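Undergrad:
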């Protein structure tokens, strides 16, 4: 039996470790925010490192909003995130529900195909050739269609469907409901935690879209936000002779990082409850 004193020491150590991990996670974000809203002169006086700004300026954000290409890339990212996530969820549900039915013919074979795609991929060049042959190059659909289904998210949703009470489905079938009706009217409403979890995975993936954009998109007006932000972050640093310069490159870079990250940070608290539930899928019934 664990002594109360040892139990308290363990709790204190765990809280200390969690606080240290939390501080390590918040430190880079605090630094980026501080540099983006601090006048360059004050940054230089502090040796280029600052966490708590004494003066605040939003000139870098105002300058970013003047850039038409940044607004265009933001609209592209919003489109592929919203439309892509809806397509992802629709296809995943239509695939996961049949696989969760144990009486599905060739169910083991289809599950093997799903798991096989998690272990082996087609490769970069064959995938590029398929995208090219289907006419998706230089189209926003090139950043949506190739990732329309994730095997990992499919298995998560399948497991949740399997853990739903079978009696509910049998009762619906006795009342004459078909499988598609059962999926829309029973399975999906009861699986909202899993759908929010899978949807968040898809949404973050689309919002951070970068690799497919540089692979399949050559038109600058179709580049998503992350590609534009990378261009800004990799701009060569020039020596600034005048420390009173209002908008240095560093401030614009940090502001662009916040600009690209803020929407996800704002959305996450609203679905955190459902996301937490979805992360423990199968923990009890497993």
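Numbering (the UniProt record's numbering), first residue to last: 1 to 286. Built from N, CA and C at the ideal position, the CB exists for glycine as well. Quick caveat: nothing in here was measured; it's all calculated off a predicted structure.
Would residue 254 and residue 35 qualify as a contact pair, given that the criterion is a beta-carbon distance under 8 Å?
TA: yes
Undergrad: For residue 156, which option in 96, 121, 110 has the closest C-alpha, if you only look at C-alpha atoms?
TA: 96
Undergrad: Mind listing, in chain order, the continuous alpha helix (DSSP H) runs of no fewer than 4 residues lying wholly within the segment 53-141?
TA: 59-65, 68-100, 107-119, 124-133
Undergrad: Tell whether a beta-carbon distance below 8 Å holds between residue 85 and residue 203.
TA: yes
Undergrad: Taking the alpha-carbon of residue 116 as reference, which of 126, 42, 68, 152 has the nearest alpha-carbon?
TA: 152
Undergrad: Distance, Cα to Cα, residue 118 vs residue 109?
TA: 15 Å
Undergrad: For residue 9, which residues of its own chain have a beta-carbon under 8 Å away from its beta-carbon, when the five flanking residues on both sides are left out?
TA: none
Undergrad: Kindly give me the distance between the Cβ atoms of residue 37 and residue 50, rounded to whole angstroms, as I take these residues to be in contact under 8 Å.
TA: Not confirmed; about 10 Å, so no contact.
Undergrad: Quick one: what does DSSP say residue 28 is sitting in, helix, strand or coil?
TA: Note: residue 28 maps to helix in three-state DSSP.
Undergrad: Helix or strand or just coil, what does DSSP make of residue 206?
TA: helix
Undergrad: What is the rounded straight-line gap between the Cα of residue 21 and the Cα of residue 207?
TA: So the two alpha carbons sit approximately 25 Å from each other.
Undergrad: In three-state terms, what does DSSP make of residue 175?
TA: If DSSP states are grouped into helix, strand and coil, residue 175 belongs with coil.
Undergrad: Label residue 14 either buried or exposed according to how many other C-beta atoms from any shown protein chain fall within 10 Å of its C-beta, with 16 as the threshold for buried.
TA: exposed
Undergrad: When the Cα of residue 264 is compared with those of 233, 106, 165, 205, which residue comes out closest?
TA: 205
Undergrad: Between residue 269 and residue 259, what straight-line distance do the alpha-carbon atoms span, to the nearest angstrom?
TA: 18 Å
Undergrad: Under 8 Å, do residue 100 and residue 228 count as touching if we go by C-beta distance?
TA: no
Undergrad: Determine the DSSP secondary structure at residue 218, reduced to helix, strand or coil.
TA: coil
Undergrad: Between residue 80 and residue 224, which are expected to be in contact by the criterion C-beta below 8 Å, what is the C-beta distance as a whole number of angstroms?
TA: 6 Å
Undergrad: So for residue 201, helix, strand or coil by DSSP?
TA: If DSSP states are grouped into helix, strand and coil, residue 201 belongs with the helices.
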